[in-house]
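Read through the structure below, which is laid out as structure tokens, and then see the notes.
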Amino acid sequence: MFQVSVAFLVLAWFAVSMRVYARAVVLRSFHWDDFFILLALCVFTACCSCLIAIENIQKSDAASTALLNGLEAQLGLIDTIFGLIMGFMSLYIVTTVVLKLALAIFFLRIIPENFSWQRKVIYIATGIYTTYGLAFTFIIVFQCGNPADFFMQEARKACMSDTILQPLYYAAGGMNALTDWLFSLLPVTVIWSAAIPKSTKISAGCLLGLGSLASIASLIRLAYIPGIEARPTFLEHSVSIACWSIVEPGLGIVAASLATLRPLFR
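Be aware that the sequence shown starts at 1, since it is given in full-length UniProt numbering, and climbs by one per residue.
Shown next, in the form of structure tokens:
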């Protein structure tokens with residue numbers, strides 16, 4: 001997991017840095033979608049950092065040290081792990097929400113006003129996923145009440161049950177995948193039939209092609225949702241879902257950035 005997180009962090013930072021250079025320096029034209037990509041990158045970095053920290057704790061001698069230092073140290077370590085798991089889960093959702101907003105702004109900026117139904121679909125899909133994603137993030141963080149009491153509430157079985165959370169995870173994953181595919185397929189007819197500059201068509205076409213990879217990753221991730229669990233043994237039982245939770249938004253950020261680099265090759 002460390003290797004996957006670091007690899008996609010490097011790729012994402014490189015791609016976004018090139019995007020910022022192309023837009024801000026070469027074109028001297030920086031738009032709202034660029035700001036949202038930067039925000040998505042920052043949240044994605046925090047998400048990866050949580051996963052790296054969890055793995056480092058589980059692979060270190062932190063558990064042995066806590067055992068030697070008594071109950072207070074053990075509880076402190078468990079609270080830290082739970083906090084990182086909650087951070088990872090919630091930051092993944094926020095990353096996908098911000099990324100969807102960046103993509104929606106990009107497509108709405110280049111799709112002409114006369115393609116009204118396509119624009120409406122983008123507005124509706126983005127609005128629904130953003131609303132659900134932010135609400136679900138709230139549920140993840142407060143599923144046991146006060147996040148500071150997560151471990152004790154979990155031990156008392158006072159948290160939301162898996163029978164409630166699992167359908168919510170599937171709904172979030174399904175809407176995420178559906179929105180990804182809408183953004184990949186919906187603008188195709190618009191891009192090639194609209195009277196927009198050829199360079200814009202090429203950029204959008206590249207974004208659609210590369211974005212389809214993230215769409216595929218979001219579908220694969222759906223298969224591993226049953227592995228999600230907020231436990232100290234998170235990485236032992238949730239390796240696949242954690243991996244695809246990094247790959248999917250990482251690919252999306254990279255794809256959205258690479259599609260804007262044409263000015264660098266003029």
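We put the beta carbon where it would ideally sit given N, CA and C, even for glycine.
As the structure is a prediction and not an experimental result, all values here were calculated from the model.
Kindly list the residues whose CB is nearer than 6 angstroms to the CB of residue i, restricted to its own chain and excluding five residues on each side of it in sequence; keep chain order.
{"i": "Ala176", "result": "In the sequence as presented, Ala is not what sits at residue 176; that position holds Asn. Once the five neighbours on either side are set aside, the close Cβ partners of Asn176 are Thr96 and Ser218."}
{"i": "Asn146", "result": "none"}
{"i": "Phe183", "result": "Leu103"}
{"i": "Ile140", "result": "Met89 and Ser90"}
{"i": "Trp181", "result": "Ser215"}
{"i": "Trp32", "result": "Ile105"}
{"i": "Thr126", "result": "Lys100 and Ala104"}
Do residue i and residue j have their C-beta atoms closer together than 8 angstroms?
{"i": "Thr93", "j": "Ala172", "result": "The question names Thr, yet the displayed sequence has Ile at residue 93. Cβ atoms of Ile93 and Ala172: closer than 8 angstroms."}
{"i": "Ile85", "j": "Ile54", "result": "yes"}
{"i": "Phe36", "j": "Ile105", "result": "yes"}
{"i": "Ala15", "j": "Leu258", "result": "yes"}
{"i": "Leu27", "j": "Pro263", "result": "yes"}
{"i": "Leu108", "j": "Ile124", "result": "no"}
{"i": "Gly252", "j": "Ala214", "result": "yes"}
{"i": "Lys100", "j": "Thr137", "result": "no"}
{"i": "Arg23", "j": "Thr179", "result": "no"}
{"i": "Ser5", "j": "Cys48", "result": "yes"}
{"i": "Ile216", "j": "Trp244", "result": "no"}
{"i": "Val25", "j": "Asp34", "result": "no"}
{"i": "Val188", "j": "Val98", "result": "no"}
Between which two residues does the alpha helix (DSSP H) carrying residue i extend?
{"i": "Ser116", "result": "Ser116 to Val141"}
{"i": "Tyr170", "result": "Asp162 to Leu185"}
{"i": "Pro249", "result": "Val239 to Leu258"}
{"i": "Arg19", "result": "Phe2 to Val20"}
For residue i, which residues of its own chain have a beta-carbon under 7 angstroms away from its beta-carbon, when the five flanking residues on both sides are left out?
{"i": "Leu11", "result": "Gly250 and Val254"}
{"i": "Val190", "result": "Ile111, Phe115 and Gln118"}
{"i": "Val239", "result": "Met1"}
{"i": "Ala46", "result": "Leu91"}
{"i": "residue 328", "result": "The question about residue 328 has no answer, for the chain in this structure spans 1 to 266."}
{"i": "Ser212", "result": "Ser184"}
{"i": "Leu9", "result": "Thr45 and Cys48"}
With a threshold of 8 angstroms on Cβ separation, who are the neighbours of residue i within its own chain once the five nearest residues in sequence on each side are excluded?
{"i": "Cys144", "result": "Phe150, Gln153, Glu154, Ala158, Cys159 and Met160"}
{"i": "Tyr170", "result": "Leu222 and Ile225"}
{"i": "Tyr132", "result": "Ala171, Ala172 and Met175"}
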